[in-house]
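For the sequence shown, this note's numbering puts the final residue at 968, and the numbers step up evenly by one.
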Amino acid sequence: MTGHTGVDSPCRIYGRTTELAAVAALSDQLRPQRVGALLLAAEPGLGRSTLLAGAAREFTLGPVLRPRPLPRNLRPYDGLRALLGEAAGVRGAAPPPVSFGAGRTDELPTLLRQLLPGGEPLLVCVDDVHLWDAPSRAVLGAAARHPDPGRPIGLLLSLAEHRAEETEFTGWTVVRLGPLDDNAAAALLRDLTGGCLDPAVRVELLSEAEGNPAVLTALAQRLTPDQLGGRRPLPRPLTDGGALWATFGSRLAPLPPPARQFLLLAAAAQEPDPDAAGADASLVLRAARKAGLDPAALDPAEAARLVHHDGDRITFAGSLLRRTVYSGAPSSQRRAAHALLASVIDADRFRLRHLLHLALAVRGPDAVLAAGLVDAAAPGTPTSGMERSAALSRAAELTAHGDARTARLTAAADYARLSGHPRRAHLLLAATREGASPAAVQGRTELVRGSMALRDGPVGDAYQALLMAAERLDPTDAEAALEARMEAMDAAWAAGDAAACIAALAEAPLAAPPRDSAFAYAPTGPADPFSPVRRVVASVRSGPHPYPQTQTQSQPQPQPAAAPRHPMLDYRAGLRTAIDGHLSEAEPPLRRVLDRARHDDDPTRLLRAGVAALVLGDIAAACRTNARALAVSRSRGLASLTPRILEHLAYAELRAGQHARARAHAQEGLRAAHRAGQRNVAAGQHAILALVASVEDDAAAVAAHAGAAVEIARPHGLLQTVTLAEWASARADLCRGRPFEAAARLGPLTRPGPGRGHFAVRMLALPCFVEAAVQSGASAEAKAAVEEFTLWAAQGTDPQAPAQLARCRALIAPPNDTADALYSLALDLHETVHGDFERARTQLLYGKWLRRRRRPAEAKNRLRDALVTFERCGAPAWADQTRAELRATGEAPAPAAEGGLALLTPQQLRIARCVAEGATNREVALTLSVSPRTVDHHLRNVFALLGVRSRTELSRLVDRAERGGARP
Numbered sequence: 001m002t003g004h005t006g007v008d009s010p011c012r013i014y015g016r017t018t019e020l021a022a023v024a025a026l027s028d029q030l031r032p033q034r035v036g037a038l039l040l041a042a043e044p045g046l047g048r049s050t051l052l053a054g055a056a057r058e059f060t061l062g063p064v065l066r067p068r069p070l071p072r073n074l075r076p077y078d079g080l081r082a083l084l085g086e087a088a089g090v091r092g093a094a095p096p097p098v099s100f101g102a103g104r105t106d107e108l109p110t111l112l113r114q115l116l117p118g119g120e121p122l123l124v125c126v127d128d129v130h131l132w133d134a135p136s137r138a139v140l141g142a143a144a145r146h147p148d149p150g151r152p153i154g155l156l157l158s159l160a161e162h163r164a165e166e167t168e169f170t171g172w173t174v175v176r177l178g179p180l181d182d183n184a185a186a187a188l189l190r191d192l193t194g195g196c197l198d199p200a201v202r203v204e205l206l207s208e209a210e211g212n213p214a215v216l217t218a219l220a221q222r223l224t225p226d227q228l229g230g231r232r233p234l235p236r237p238l239t240d241g242g243a244l245w246a247t248f249g250s251r252l253a254p255l256p257p258p259a260r261q262f263l264l265l266a267a268a269a270q271e272p273d274p275d276a277a278g279a280d281a282s283l284v285l286r287a288a289r290k291a292g293l294d295p296a297a298l299d300p301a302e303a304a305r306l307v308h309h310d311g312d313r314i315t316f317a318g319s320l321l322r323r324t325v326y327s328g329a330p331s332s333q334r335r336a337a338h339a340l341l342a343s344v345i346d347a348d349r350f351r352l353r354h355l356l357h358l359a360l361a362v363r364g365p366d367a368v369l370a371a372g373l374v375d376a377a378a379p380g381t382p383t384s385g386m387e388r389s390a391a392l393s394r395a396a397e398l399t400a401h402g403d404a405r406t407a408r409l410t411a412a413a414d415y416a417r418l419s420g421h422p423r424r425a426h427l428l429l430a431a432t433r434e435g436a437s438p439a440a441v442q443g444r445t446e447l448v449r450g451s452m453a454l455r456d457g458p459v460g461d462a463y464q465a466l467l468m469a470a471e472r473l474d475p476t477d478a479e480a481a482l483e484a485r486m487e488a489m490d491a492a493w494a495a496g497d498a499a500a501c502i503a504a505l506a507e508a509p510l511a512a513p514p515r516d517s518a519f520a521y522a523p524t525g526p527a528d529p530f531s532p533v534r535r536v537v538a539s540v541r542s543g544p545h546p547y548p549q550t551q552t553q554s555q556p557q558p559q560p561a562a563a564p565r566h567p568m569l570d571y572r573a574g575l576r577t578a579i580d581g582h583l584s585e586a587e588p589p590l591r592r593v594l595d596r597a598r599h600d601d602d603p604t605r606l607l608r609a610g611v612a613a614l615v616l617g618d619i620a621a622a623c624r625t626n627a628r629a630l631a632v633s634r635s636r637g638l639a640s641l642t643p644r645i646l647e648h649l650a651y652a653e654l655r656a657g658q659h660a661r662a663r664a665h666a667q668e669g670l671r672a673a674h675r676a677g678q679r680n681v682a683a684g685q686h687a688i689l690a691l692v693a694s695v696e697d698d699a700a701a702v703a704a705h706a707g708a709a710v711e712i713a714r715p716h717g718l719l720q721t722v723t724l725a726e727w728a729s730a731r732a733d734l735c736r737g738r739p740f741e742a743a744a745r746l747g748p749l750t751r752p753g754p755g756r757g758h759f760a761v762r763m764l765a766l767p768c769f770v771e772a773a774v775q776s777g778a779s780a781e782a783k784a785a786v787e788e789f790t791l792w793a794a795q796g797t798d799p800q801a802p803a804q805l806a807r808c809r810a811l812i813a814p815p816n817d818t819a820d821a822l823y824s825l826a827l828d829l830h831e832t833v834h835g836d837f838e839r840a841r842t843q844l845l846y847g848k849w850l851r852r853r854r855r856p857a858e859a860k861n862r863l864r865d866a867l868v869t870f871e872r873c874g875a876p877a878w879a880d881q882t883r884a885e886l887r888a889t890g891e892a893p894a895p896a897a898e899g900g901l902a903l904l905t906p907q908q909l910r911i912a913r914c915v916a917e918g919a920t921n922r923e924v925a926l927t928l929s930v931s932p933r934t935v936d937h938h939l940r941n942v943f944a945l946l947g948v949r950s951r952t953e954l955s956r957l958v959d960r961a962e963r964g965g966a967r968p
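#1: Output the distance between the C-alpha atoms of residue 34 and residue 141, rounded to the nearest integer angstrom.
#2: Drop a sphere of 10 angstroms on the beta-carbon of residue 406, count the other beta-carbons inside from all chains shown, and report buried for 16 or more, exposed for fewer.
#3: Using the C-alpha atoms, what's the distance from residue 163 back to residue 62?
#4: Near residue 634, which residues of its chain fall below 8 Å by C-beta distance, leaving aside the five closest residues on each side in sequence?
#5: Straight-line CA distance for residue 583 to residue 795?
#6: Could you check if residue 684 is buried or exposed, using at least 16 other CB atoms within 10 Å of its CB as the buried criterion?
#7: So the alpha helix (DSSP H) residue 319 belongs to, where does it begin and stop?
#8: Within 8 Å, do at least three Cβ pairs link the region 235-242 to the region 290-310?
#9: So for residue 314, helix, strand or coil by DSSP?
#10: Does DSSP classify residue 65 as helix, strand or coil?
#11: For residue 854, name the three-state secondary structure that DSSP assigns.
#12: Just the C-alpha distance for residue 623 and residue 419, rounded to the nearest angstrom, thanks.
#13: Compare the C-beta of residue 389 against all C-beta atoms of chain D and say whether one is closer than 8 Å.
#14: Return the residue from the list 883, 940 and 887 that minimises the CA-CA distance to residue 911.
#15: Applying the criterion that 16 or more other CB atoms from any shown protein chain within 10 Å of the CB defines a buried residue, is residue 290 buried or exposed?
#16: Once DSSP output is grouped into helix, strand and coil, what is the label at residue 158?
#17: Are the beta-carbon atoms belonging to residue 689 and residue 720 less than 8 Å from one another?
#18: So what does residue 42 bridge to, in DSSP terms?
#19: Here's the rule I'm using: 16 or more other beta-carbon atoms within 10 Å means buried, otherwise exposed. How should residue 620 be labelled?
#20: With a Cβ-Cβ cutoff of 8 Å, do residue 370 and residue 395 count as a contact?
#21: From this set, 413, 440, 442 and 421, which residue's C-alpha is nearest residue 428's C-alpha?
#22: Am I right that residue 629 and residue 603 are in contact with their C-beta atoms under 8 Å? What's the rounded C-beta distance?
#23: Excluding the 5 residues flanking residue 954 on each side, which residues of the same chain have their C-beta closer than 8 Å to its C-beta?
#24: When you compare each of 264, 345, 307 and 258 to residue 277 by their alpha carbons, which one comes out closest?
#25: In whole angstroms, give me the CA-to-CA distance for residue 54 and residue 19.
#26: Going by DSSP in three states, residue 23 sits in which element: helix, strand or coil?
#27: For residue 885, which residues in the same chain have their Cβ closer than 8 Å to its Cβ, ignoring the five residues on either side in sequence?
#28: Pull up the distance between the alpha-carbon of residue 286 and that of residue 344, whole angstroms please.
#29: Would you call the region 820-827 in contact with the region 781-789, where contact means no fewer than 3 C-beta pairs closer than 8 Å?
#30: Using only the alpha-carbon positions, how far apart do residue 921 and residue 681 sit?
#31: Going by alpha carbons, who is nearest to residue 617 out of 49, 833 and 476?
#32: DSSP beta-bridge partners for residue 36?
#33: For residue 59, which option in 25, 696 and 88 has the closest C-alpha, if you only look at C-alpha atoms?
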């Protein structure tokens with residue numbers, strides 16, 4: 001499908017800051033030196049030709065030579081003849097006859113000087129130099145080794161990524177172009193469409209193109225204005241084989257037919273789980289042998305670096321390349337490939353995979369095959385969630401009955417969601433029919449839709465969808481209805497709506513689970529992370545019939561044994577009671593939730609047990625329980641649940657004062673959330689990182705993370721995230737001696753009444769507000785806040801609150817009253833709980849008070865203790881405040897430690913730690929909300945300051961320093 005869009009192909013370069021800097025450095029190099037050489041290597045469509053053209057336009061030091069593309073049938077030195085012809089054309093003359101050969105490869109600079117006399121620098125730009133003849137490439141390579149003494153020459157060449165190691169260019173600097181980042185790709189798409197683009201369509205186009213500008217351009221040009229604006233549905237598949245072949249076909253076309261057939265088998269083998277680590281090599285080889293293909297037929301594709309065969313897997317060089325091979329083949333050939341694969345799979349051992357390839361080989365509805373796929377996709381089979389999603393999706397396509405089709409699409413969407421593929425889940429949900437199915441099927445669809453919105457959308461929408469799901473599921477599936485209510489409570493909690501939390505947790509009758517002869521009385525075995533999907537599969541698993549058949553009285557059913565109390569009922573009752581303000585009544589059921597969690601291996605129940613621990617004020621249990629949930633989630637590869645677990649774990653560690661651990665888990669969680677498409681979870685991780693940075697005194701990091709958190713949180717209604725981010729910014733203000741700004745930030749969040757902060761977070765920030773209010777002269781507001789905090793501390797839900805309350809009372813006490821005793825009480829209370837940072841803040845404030853009372857000896861003792869603790873916590877600005885107070889007492893404190901990591905700025909230290917943990921520059925940029933160019937700049941400085949030459953050396957140095965306690 002094509003349509004007129006008025007799409008233009010813009011000439012500007014998007015992103016590519018590192019690559020443009022390398023090209024600019026080549027130009028700078030020509031001034032002091034006589035030669036410069038740079039290779040631009042990239043896969044098709046990534047813009048190496050555009051970058052080369054831009055470099056030619058921007059070069060102003062002298063003439064530029066850009067020979068035209070060469071014909072296919074090349075003779076030796078045709079490339080050189082084209083280059084010399086271009087040089088002669090600059091002067092309007094015909095190129096003189098020149099003979100090459102005789103082993104002379106160093107004559108190019110001389111010939112160019114003859115054709116273009118002058119001493120100004122010359123830039124030679126050759127696009128797709130890998131298509132030149134070998135002798136010409138050798139001459140270009142020699143030109144870099146034998147510079148012209150009379151004229152500087154720059155050589156800027158582009159070539160395919162798989163040819164970047166050509167021997168002619170050994171020793172040259174190679175800049176490899178990767179996919180565009182999201183911001184650059186969005187800018188390109190905005191210019192292509194003139195900004196007339198629906199946000200949902202933009203997200204889908206960006207995801208489909210995978211950062212390839214040529215594919216993105218082809219997609220935009222394929223769609224009509226109504227499709228781009230979201231007024232008409234998008235074509236499916238969104239990227240057709242023709243668009244992909246136009247970009248990647250040049251790499252595949254030279255292959256012999258047997259090699260292309262081999263690649264199609266490999267691409268088809270991976271189609272059920274496109275994101276898997278390649279195709280099963282043994283399966284592909286068995287199918288190839290049955291088709292009469294010699295295993296050596298794959299050799300040309302390997303030689304061209306299209307695939308890599310490591311013995312176990314056959315892996316394509318990129319997912320777009322695999323999609324080109326698959327979608328570029330005629331549908332008849334794709335079906336034949338799947339039939340061939342199905343025929344060589346052991347149907348007894350790998351029933352789901354066998355049936356899935358069989359289903360992909362047929363056309364039209366097939367109720368028996370669809371029912372077989374649903375049966376084989378049941379939990380317990382050794383396969384991935386995405387393969388189950390593919391099986392249920394294909395079963396839906398083979399299903400004629402609308403209700404069963406919708407239920408199967410919903411189940412497929414939920415498996416895709418849980419496997420960390422929200423876009424796939426959205427596409428499957430979009431294929432369901434609104435309002436045409438029974439209430440139970442609609443309820444399951446709304447449950448999946450609401451769960452996705454909870455993690456990546458307005459939480460108000462998620463709340464309504466989840467409550468609707470619960471209402472529709474109540475009569476037939478109490479388990480799913482309870483899960484919907486728990487998720488609705490999570491949405492209300494994120495929004496800071498206590499009344500909505502209580503409403504979501506209201507009692508509901510627990511009806512019997514859906515009747516199904518296959519699942520109703522079967523033992524469930526170990527905890528199943530896909531249990532919500534399992535129930536959906538149960539409801540659509542019905543043999544050859546299009547949807548479940550209800551048993552009649554003539555078919556007696558066994559009576560199930562009385563079920564034990566549902567583990568989530570205690571959680572629901574305890575949390576509802578706690579939110580309603582009756583914490584003493586909430587403790588017994590929540591404590592039972594925690595007790596069960598000690599031996600539980602269900603990550604969702606463990607996650608909720610972590611919440612119960614926080615409500616009870618048992619921070620150590622919250623850390624322990626969330627760590628267990630993380631271990632289970634990692635072992636099972638739960639890509640959708642892991643980001644949220646990491647957020648809960650990082651928050652618990654933050655509450656425990658374990659800032660370094662909180663930072664590490666929040667950074668990991670941020671990357672995982674971005675991979676899983678969970679912006680709401682990513683916003684929470686940003687807020688936690690901002691709070692950690694407010695301790696470690698990195699004002700830039702606080703601003704970046706807090707800004708990134710609020711940018712998502714405000715439009716999505718995430719009041720908890722907004723409160724945490726504002727608290728981080730205020731604490732950074734307080735650290736920097738800006739109490740007025742801190743009080744202005746925290747005042748609206750901590751005061752009672754409408755517009756205040758999150759009900760479960762605002763009290764945690766109140767001690768900061770009291771300190772800022774006292775220092776800014778707002779004593780009345782400080783006293784009112786302390787009165788409210790007194791009630792909070794009495795509830796026992798925050799271990800730090802009693803000590804903080806004593807500190808707050810000391811701050812508002814009259815000069816001649818009980819402040820001394822209150823500070824001493826606060827320090828005594830700090831000793832009963834973990835939290836070095838808060839204790840150091842109390843010591844600092846106490847030291848200040850003692851110094852102002854002219855008690856310098858006592859002040860020094862308190863300030864020395866605070867200084868040591870701040871340094872141990874990695875809080876340099878707080879330590880600087882303490883040193884200033886010590887100097888005011890007449891003591892000269894030791895300067896900050898020099899050498900090692902202490903040489904780095906806070907931002908450099910963060911980047912070094914991320915790199916040491918294995919993150920790429922792009923992942924570091926994503927984590928710290930900066931550009932990859934900024935990361936590259938800081939990393940070069942880190943290498944220089946620490947005297948390391950590789951990321952491996954840096955990792956070892958950071959590990960030694962931090963294990964040895966040398967954290968600055």
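From the three backbone atoms N, C-alpha and C, an ideal C-beta is built for every residue, glycine too.
Model, not experiment: these values are computed from the prediction.
Walking through what the data contain:
#1: A direct Cα-Cα distance of roughly 15 Å separates residue 34 from residue 141.
#2: Result: buried.
#3: Approximately 29 Å between the Cα atoms of the pair.
#4: 642
#5: 7 Å
#6: buried
#7: 319-328
#8: The way I'd put it, the region 290-310 doesn't touch the region 235-242; fewer than three beta-carbon pairs between them come closer than 8 Å.
#9: strand
#10: strand
#11: coil
#12: Going by the C-alpha atoms only, they are around 25 Å apart.
#13: Absent from the structure: chain D. Only one protein chain is present.
#14: Ranking the options by Cα distance to residue 911, first place goes to 940.
#15: exposed
#16: strand
#17: no
#18: 160
#19: exposed
#20: yes
#21: The option with the nearest alpha carbon to residue 428 is 413.
#22: 5 Å
#23: 912, 915, 916, 942, 943, 946 and 948
#24: 307
#25: Put simply, the backbone Cα of residue 54 is about 11 Å away from that of residue 19.
#26: helix
#27: Excluding positions up to five away in sequence, the list reads 844, 847, 848, 851, 859 and 863.
#28: 7 Å
#29: Verdict: no, contact absent.
#30: Each residue's Cα considered, the two are about 22 Å apart.
#31: 833
#32: 154
#33: A check of alpha carbon separations from residue 59 across 25, 696 and 88 identifies 25 as the nearest.
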